[in-house]
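The listed protein sequences derive, respectively, from chains S and Y. Note that the first sequence covers residues 3 to 317 in this note's numbering. Note that the second sequence covers residues 56 to 483 in this note's numbering. Glycine included, every Cβ here is placed at the ideal spot set by N, Cα and C. All values derive from a computational prediction rather than experimental measurement.
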Amino acid sequence: MSRTDTRVGRVEARPTPARSRPYWTARRRDQLTGYLFIAPQLLGSVVFVILPLLLVVWYSLHEWNVLADTFDFVGADNYTALADDPNLGPVLRATGLFSVGLVVFNLSLALLLAVLLNQKLQGTIVFRTLFFSPVVVSLVAWTIVWGFLLQDNGGLNGLLDTIGVDGPNWLRGEGTAMLSVIVVQVFKNVGLNMVLFLAALQGVPAELYEAAEVDGASRMRQFWRITVPLISPTILLTSIITVVGSLQVFAQIAVLTQGGPGTSTTVLVYYLYQQAFQFHHFGYGATLSIVLFVIVLALTVLQWQMRKRWVFHES
Amino acid sequence: MVTRGKGPRGVAVALTAALALAGCGGGEKAGSDGPANLRMTIWSANEAHLKLFNEIADEYKKSHPDVGTITFDPLPFDSYTTTLTTQIAGGNAPDLAWIFENSAPDFVASGALRPLDDTLKSTAEYGYDDLSPATRKLWQNDGKLYAYPFSTSPFGIFVNTDLLKKAGQKTPAELIAAGQWTWDAALAAASASQAKTGKAGLVIRDFDYKGWDNLSTFWTGWGARAWSEDGKTCGFNAPEMADAMTTLHKAIFTDKALPGPGTTADFFAGDAAMTVTQISRASLLKDGGFGWDLVPLPAGPKGNYAVIGQAGIGVLKKSPHAKAAADFLAFLTNPTNSAKLAQFFPPPRQSLLTAETLAKTNPKLKPEQLQKVVIDGITSGVVKPSHAGQAELSQQVRAGLDPLWQPNADVKAVLDGVCAKIQPLLAK
């Protein structure tokens, strides 16, 4: 209301009331500048995220045969086919196993490294750099090198051989293949979580530890009662990032195991790639990607809701 | 609120314009007017192959000013068909495409390819009837030819005679002369060579415990097959297959005649004594490398046999220059150029399938090698397994066979498992 009043006041003050105000007021210019600044990002999101997302929903309602160039509406057929797909159970199990394994390994190792490297000792910077460096290495290059190391006659078994251990055929065994893929992925990205934890640890006020020490609290007790609650927002952040990332794993599987042996490492993303791009079932592939979307969304919402229970404080 | 005015609308207009631009970018590169630029996807990035293709293309362009450029676009062998179909799905279909036999039924039946009969038959001095009917079979549907049977390449065994001699083994040529060239003898030689030299014995090239269809070069000797002639019944649980796979399993895990899973050995780099592969790989042999020979596949319990791999070249219907592409294909495969290409890709032309003709363009192979491996192979060979929906079948067989590649696998149970997986797909 106050804005309108001001305007009326202004109009009355002018000698020629018929003359309109210039369109490009300072406010509008500011707005235009703002929109122009966000335009590249907005455009990118619309073209590469929102539009494809809507298209995937559209494709999932169709049977799309690329070779025959047919695109037929089939309604919910692709969704009902999910129930009849004998592979979906093992695929979801493999996906769950990978995610749980990755999150548990990655977060515990990252936190352990961060706590160790948070000491004021000589050479910690070298170790921090060493653990972080795989994060900046190309994912495919990293995976290919690990592929060589994990071969039956590869570097790892060669190393084990020198201490008299006959190593398994890592990428070909039903149990070891999944373990190998998880470990390769953990070493690749643990540095990122480590840095985040390190930053959080350094934000914990030193006087809290001093006070606890005066009270006679053990180091373990200090860790659980002071460190963990104070870095809990970072634990939440890293767990969300890691869970979402773990559900999107593709390159490692494609390079190391192609989903084998059997279907033991066929995770959801790899399976939908197979359905769409290898078996030419683009409609069903799109449906699977919606399943993935729903799972990621549900897990993220769940974690976000649960933060109220265990995250100590949020700024 | 009043002042928000045209802001969002302005953004909407800008976005629409940008989307329209983006949309145009993905469209067809050129209309049917102007010089036609042709692109053909192939699996080989081999310099010798590409050089010959480019020479033929240059010659064609001289007499066809309407054709701008002809590009041969090599795609990685392992993901060739996936990459090709992704290009087609993305609206970036090539004008011509090399097609492997394992995806032939899908491509031929899909209607993605343009029929070639009219173009080939109406090309002067083409000699359509010279194309052997046996080689055309896989590429035909309802009497129309959808891809030219560009390469009909029998599998043979390339032998590193230096390695075998070093291991004190008889060479396959000697075994053939003595009438003892059997799989038992071949595997024994491979096993002994591995034990003596430490290098791999025998490698079934491109198998690598995933490309199982290459194993048909082995099990056909036992009379086994992946599925019945009509494609409806699984053949993995047949007794012949169990015998063949038991022999293979023993050769891998007990006798170490073949490198185990996850171990790579390249014959052409001198890392293996023998390799089962196609004649088109002869171009990988380097002059002055090692002593080598090319021999037919050994006899199995069912006697002598041959297996052939086929590849066709088709013209994509979606191509804006389909007519020009078909004309170029007719030129590429005319009698003169077929003779040139025969050094790498055995042609389907009966007139060229003589040891003398092939010898002219195959300086690396002796006439008797050509006669025994190539010509006899093409006339009597069984084509590698192919079926509609091959990619999905292939994946299921691969996953089903994985448990076999363990030292203590139960061969019979694994093979029954393969059939349980693929029978529903075959019955479709």
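- One finds L69 in chain S with Cβ atoms closer than 7 Å to the Cβ of F162/Y, taken in chain order.
- Taking 9 Å as the cut-off between beta carbons, the residues of the segment 282-294 of chain S near chain Y are H282, H283, F284, in sequence order.
- For a Cβ distance threshold of 9 Å, residue set P316, G317 of chain Y lies close to L173/S, ordered along the chain.
- When G169/S, S182/S, E176/S are compared, the shortest CA-CA separation from W148/S is found for S182/S.
- Chain-ordered, the chain S residues with CB closer than 8 Å to the CB of I143/Y read V68, L69.
- A direct Cα-to-Cα measurement between T178/S and D87/S gives close to 26 Å.
- The straight-line gap separating the alpha-carbon atoms of L239/S and W306/S is approximately 9 Å.
- Annotation for P356/Y: W277 place their beta carbon closer than 6 Å to its own, counting only its chain and skipping 5 residues before and after.
- Within 7 Å of the CB of Q276/S, the CB atoms of chain Y belong to Q450, in sequence order along the chain.
- Among the residues facing chain Y, N159/S is not included, as its CB has no counterpart in that chain under 7 Å away.
- For V437/Y, the beta-bridge partners assigned by DSSP are V362/Y.
- Put simply, the backbone Cα of P170/S is about 35 Å away from that of V362/Y.
- Restricting attention to L290/S, L162/S, K310/S, the CA atom closest to the CA of S62/S is found in L290/S.
- Note: S206/Y is bridge-paired with A366/Y in the DSSP secondary-structure output.
- Under the three-state reduction of DSSP output, T237/Y falls in the strand class.
- For F323/Y, no alpha helix (DSSP H) run applies, since DSSP gives it neither H nor E.
- Residue burial is scored here from C-beta neighbours: K341/Y has fewer than 16 other C-beta atoms within 10 angstroms and is therefore classed as exposed.
- DSSP, reduced to helix, strand and coil, places A78/S outside both helices and strands of the structure shown, so it counts as coil.
- Here V257/S is near T145/S, since their CB atoms are less than 7 Å apart.
- Annotation: the continuous beta strand (DSSP E) that includes L151/Y extends over 151-155.
- The beta carbons of V370/Y and R169/Y sit closer together than 7 Å.
- The way I'd put it, the segment 177-189 of chain Y does touch the segment 379-395 of chain Y; three or more beta-carbon pairs between them come closer than 8 Å.
- Neighbourhood of W460/Y in chain S, by CB distance below 7 Å: R174, in chain order.
- Taking all protein chains in view, the Cβ of T259/S is crowded by 16 or more other Cβ atoms within 10 Å, so the residue is classified as buried.
- Taking 7 Å as the cut-off, the Cβ atoms of G317/Y and L173/S count as close.
- Your pair L113/S and F189/S does not check out as a contact, with CB atoms roughly 15 Å apart and the cut at 8 Å.
- DSSP, read as helix, strand or coil, puts I212/Y in strand.
- Y264, K265: these are the residues of the segment 254-265 of chain Y whose beta carbon lies less than 9 Å from some beta carbon of chain S, given in chain order.
- Using a Cβ-Cβ cut-off of 7 Å, P42/S does not count as an interface residue toward chain Y, since no Cβ of chain Y sits closer than that to its own.
- Straight through space, the alpha carbons of E110/Y and G46/S are spaced by roughly 44 Å.
- Nearest to A381/Y by C-alpha distance, out of A152/Y, A279/Y, H304/Y, E102/Y, is A152/Y.
- Contact annotation: the segment 254-261 of chain Y does not touch the segment 115-129 of chain Y, with fewer than three C-beta pairs closer than 8 Å.
- When secondary structure is reduced to three states using DSSP, V331/Y falls in the strand class.
- Residues of the segment 421-451 of chain Y whose Cβ lies closer than 7 Å to any Cβ of chain S, in chain order: A446, E447, Q450.
- Contact annotation: V429/Y and I368/Y have beta-carbon atoms that are not nearer than 7 Å.
- For D113/Y, the uninterrupted alpha helix (DSSP H) run begins and ends at 102-118, by DSSP.
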